[in-house]
DNA sequence: GTAATAGTGTCTATTAGACATTATCTT
DNA sequence: AAGATAATGTCTAATAGACACTATTAC
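Residue numbers (our numbering), protein chains in the order written: chain A, 3 to 247; chain B, 3 to 247.
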């Protein structure tokens, strides 16, 4: 391999396996709101290594199906849940010699926010079982495969942090929702109470919602239903939610 | 490969090359403050592909030298600059079929903040030349190898965003510095003026600096010199710098 | 009517920006 | 003393939390 080659000659003689190439995969923390708790999807591994252990869903890149990294993440999500247009965010990439017994490995980690009643859980050849687990139950008692507990912790931390200054929780609610439901979603993730008026001012100032015209009724005054505005990317506030003084 | 194997048997017969494995590397955006500008280190590629083009420094993981991903980033930084304890932050991972002519590739991207006068630039076998480039000069005119312009844009965006609510710029200054120098650093990165009293209140409230006891003299009133407190991780403010009203 | 939750008005405490003022050095 | 920059005092405007109050439904 001399510098006098043309690029074409170089590429012809190039063999990826001449170099140290880590085992590279994509893992997902798929979050949803269920039973008034933030929950994450875990799969029981049906293959070695870590056979039988609970793990974040994930897998290898498919060179034919995936054009870019996020495609692999979306594909994994769709395989497990059937959901195909979630909020998806890359969190971090973990790599090291010891995190997988097969050798030096790298995992690119994403989290997704989905509406759980749009989901049809489905295992596949790589998992015996799939389940939602409240993130509060992910304690020392529950073992996860590989370093997935750390990976998941990073995803939860990112989510909690961003909920302090973005409108992310909108993505955990169905098409139409009330402001009270949205506030409760924030409160569940932040694990603290938010003052109603402050919250509504904040959302109103962000100008990210529109009324659907419909109302949610119950045994009391009906509430206006809102949806995210069409152009609705995530809104970034310049101040964190402060919470009770 | 049946499910009846033990994990040991599985690992024995496992061959990483039976799967789609992307070419995985680490790239660095090394930032410094030089001539009152934020600058980034670029290297001229001495090898195919993209021979002769300017690129972010980077390279492959070394399974012997690198225990975890960040080791590879630190090693690349030290090879180019001699700096060994920088502020280092993982930004994002880019992967796709088309970003490198050698095939499906993944790059884990970090940025580093270093003090440029502690640096001894040194090329090595993979680069003809190394230089600092002001980020304002990274325009349409300047071509970068692969998708490095996008990669760099992501690093710059992350840095600028975080400077709004963290104390990151401390890492761009030498051991001792004045509050005015720190303020100027913020102003350069954010590209806007900050009101002196607001800035000093903010830094004071964060309680991240300590006086060194030394003064910086000039042709006017001397200024106190500060250093980051020993336990000094980065401080996260709950509000962004607002800037002029 | 009562119960319940939706939605609003408004006070107060906090705080960031503005900007004037004072302090301390060199020449 | 003049010039320059460091450092601080303090006013004002903006705004988040607190909390009381009104509105609208089911029963």
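For every residue, glycine included, the Cβ atom is placed at its ideal position computed from N, Cα and C.
Query - Local Cβ density within 10 Å of residue 185 of chain B, reported as buried at 16 or more and exposed below that - result: The count along the second chain starts at 1 and reaches residue 185 of chain B at position 183. So residue 185 of chain B ends up on the buried side.
**Report entry** At least three beta-carbon pairs within less than 8 Å, the region 177-192 of chain B to the region 27-45 of chain B
**Finding:** yes
Query raised in the report: residue 84 of chain A to residue 121 of chain A, Cα distance in whole Å?
Result: Looking up residue 84 of chain A in the first chain gives position 82. Looking up residue 121 of chain A in the first chain gives position 119. Their Cα atoms are separated by approximately 6 Å.
Query - Opening and closing residue of the alpha helix (DSSP H) in which residue 183 of chain A lies - result: Position 181 of the first chain, counted from the first residue, corresponds to residue 183 of chain A. That run of the alpha helix (DSSP H) goes 181-192.
**Report entry** Cβ neighbours of residue 14 of chain A in the same chain (closer than 7 Å, five flanking residues each side left out)
**Finding:** Mapped onto the first chain, residue 14 of chain A falls at position 12. Around residue 14 of chain A: no qualifying Cβ.
Query raised in the report: So is residue 247 of chain A in contact with chain B if we call contact Cβ pairs under 8 Å?
Result: One-based indexing of the first chain puts residue 247 of chain A at position 245. No, because no Cβ of chain B sits closer than 8 Å to the Cβ of residue 247 of chain A.
Query raised in the report: According to DSSP, is residue 29 of chain A helix, strand or coil?
Result: Here residue 29 of chain A corresponds to residue number 27 of the first chain, with the count starting at 1. Strand.
Query raised in the report: Looking at C-beta atoms only, is the number of pairs between the region 191-206 of chain B and the region 145-157 of chain B that lie closer than 8 Å three or more?
Result: no
Query raised in the report: Going along the chain, which residues of its own chain have a beta-carbon closer than 8 Å to the beta-carbon of residue 152 of chain A, five neighbours each way excluded?
Result: The count along the first chain starts at 1 and reaches residue 152 of chain A at position 150. The residues are 96.
Query raised in the report: Smallest Cα separation from residue 16 of chain A: which of B/103, B/99, B/70, B/23?
Result: The sequence position of residue 16 of chain A within the first chain is 14, counting from 1. Closest by alpha carbon: B/103.
Report task. Could you work out which residues of chain A lie near residue 16 of chain B, taking near to mean beta carbons separated by less than 7 Å? Result -> Along the second chain, one-based indexing puts residue 16 of chain B at 14. Within 7 Å Cβ-Cβ: 104.
Query - Local conformation of residue 152 of chain B per DSSP, three classes - result: Translated into positions along the second chain, residue 152 of chain B becomes position 150. Helix, per DSSP.
Query raised in the report: Ordered along the chain, which non-local residues of its own chain (more than five positions away) have a Cβ less than 8 Å from that of residue 106 of chain A?
Result: Here the question's residue 106 of chain A lines up with position 104 in the first chain. Same-chain partners within the cutoff: 22, 24, 25, 97, 98, 99.
Query raised in the report: Interface residues of chain A around residue 69 of chain B at Cβ under 8 Å?
Result: Walking along the second chain from the start, residue 69 of chain B turns up at place 67. Simply 98, 99, 100.
Query raised in the report: At which residues does the alpha helix (DSSP H) containing residue 201 of chain B begin and terminate?
Result: One-based indexing of the second chain puts residue 201 of chain B at position 199. From DSSP, the alpha helix (DSSP H) with residue 201 of chain B extends over 198-208.
Query - Residue nearest to residue 27 of chain B in terms of C-alpha spacing, selected from B/46, B/72, B/54 - result: In the second chain, the residue the question calls residue 27 of chain B occupies position 25. Of the listed residues, the one whose Cα sits closest to residue 27 of chain B is B/72.
Query raised in the report: Is it a yes or a no for the region 171-182 of chain B touching the region 223-240 of chain B, going by three-plus beta-carbon pairs under 8 Å?
Result: yes
Requested in this report: Could you check if residue 214 of chain B is buried or exposed, using at least 16 other CB atoms within 10 Å of its CB as the buried criterion?
Outcome: Here residue 214 of chain B refers to the residue found at position 212 of the second chain. Exposed is the call here.
Query raised in the report: What is the C-beta distance between residue 170 of chain A and residue 216 of chain A, in whole angstroms, given that I count them as a contact (C-beta under 8 Å)?
Result: Looking up residue 170 of chain A in the first chain gives position 168. Looking up residue 216 of chain A in the first chain gives position 214. At roughly 24 Å, the Cβ-Cβ gap does not stay under 8 Å, so residue 170 of chain A and residue 216 of chain A are not in contact.
Query raised in the report: Which partner residues of residue 133 of chain A appear in the DSSP bridge assignment?
Result: One-based indexing of the first chain puts residue 133 of chain A at position 131. Paired residues: A/44.
Query raised in the report: Are the beta-carbon atoms of residue 113 of chain A and residue 230 of chain A separated by less than 8 Å?
Result: Translated into positions along the first chain, residue 113 of chain A becomes position 111. Translated into positions along the first chain, residue 230 of chain A becomes position 228. Going by C-beta atoms, residue 113 of chain A is not nearer than 8 Å to residue 230 of chain A.
Query raised in the report: Taking C-alpha atoms, which residue in A/61, A/110, A/160 lies nearest to residue 316 of chain A?
Result: Because chain A here runs from 3 to 247, residue 316 of chain A falls outside it and cannot be looked at.
**Report entry** Contained beta strand (DSSP E) runs [length at least 3] in the region 45-114 of chain B, N- to C-terminal order
**Finding:** 60-62, 89-98
**Report entry** C-beta neighbour in chain A for residue 120 of chain B, strict 8 Å
**Finding:** Here residue 120 of chain B corresponds to residue number 118 of the second chain, with the count starting at 1. False, the Cβ-Cβ gap to chain A never drops below 8 Å.
Query raised in the report: In the region 55-81 of chain B, which residues sit with their C-beta less than 7 Å from some C-beta in chain A, listed in chain order?
Result: 62, 63, 64, 65, 69, 70, 71
Query - Reduced DSSP secondary structure (H/G/I, E/B, other) of residue 216 of chain B - result: Taking the second chain and counting its residues from 1, one reaches residue 216 of chain B at position 214. Reduced to three states, the DSSP call for residue 216 of chain B is strand.
Query raised in the report: Distance, Cα to Cα, residue 68 of chain A vs residue 45 of chain A?
Result: Taking the first residue of the first chain as 1, we reach residue 68 of chain A at position 66. Taking the first residue of the first chain as 1, we reach residue 45 of chain A at position 43. Near 22 Å, if we compare the C-alpha coordinates of residue 45 of chain A and residue 68 of chain A.
Report task. Reducing DSSP to helix, strand and coil, say where residue 146 of chain B ends up. Result -> Locating residue 146 of chain B in the second chain gives position 144, where the first residue counts as 1. In the structure shown, residue 146 of chain B sits in coil (DSSP, three-state: anything other than H, G, I, E or B).
Query raised in the report: By the 10 Å Cβ neighbour count, where 16 or more other Cβ atoms means buried, how is residue 109 of chain B classified, buried or exposed?
Result: Indexing the second chain from 1 puts residue 109 of chain B at position 107. Buried, since its Cβ has 16 or more Cβ neighbours within 10 Å.
Requested in this report: Pick out whichever of A/56, A/58, A/77 has its Cα sitting closest to the Cα of residue 66 of chain A.
Outcome: Taking the first residue of the first chain as 1, we reach residue 66 of chain A at position 64. When only C-alpha atoms are compared, the closest one is A/77.
Report task. Could you have a look at residue 116 of chain B and say whether DSSP puts it in helix, strand or coil? Result -> If you number the second chain from 1, residue 116 of chain B lands on position 114. Residue state, collapsed to three classes: strand.
Requested in this report: Give the residues from the region 215-243 of chain A that approach chain B closer than 8 Å (Cβ to any Cβ), ordered along the chain.
Outcome: 240, 241, 242
Report task. Taking only the alpha-carbon atoms, compute the straight-line gap between residue 75 of chain B and residue 70 of chain A and give it to the nearest angstrom. Result -> In the second chain, counting from the first residue as 1, residue 75 of chain B sits at position 73. In the first chain, counting from the first residue as 1, residue 70 of chain A sits at position 68. Distance between the alpha carbons of residue 75 of chain B and residue 70 of chain A is about 23 Å.
Query raised in the report: DSSP on residue 236 of chain A, reduced to helix/strand/coil?
Result: Looking up residue 236 of chain A in the first chain gives position 234. Coil.
Query raised in the report: Secondary structure at residue 224 of chain A, three-state DSSP: helix, strand or coil?
Result: Walking along the first chain from the start, residue 224 of chain A turns up at place 222. Strand.
Query raised in the report: Which residue's Cα is closest to the Cα of residue 119 of chain B: B/11, B/154, B/174?
Result: The residue you call residue 119 of chain B lines up with position 117 of the second chain. Per the Cα distances, B/174.
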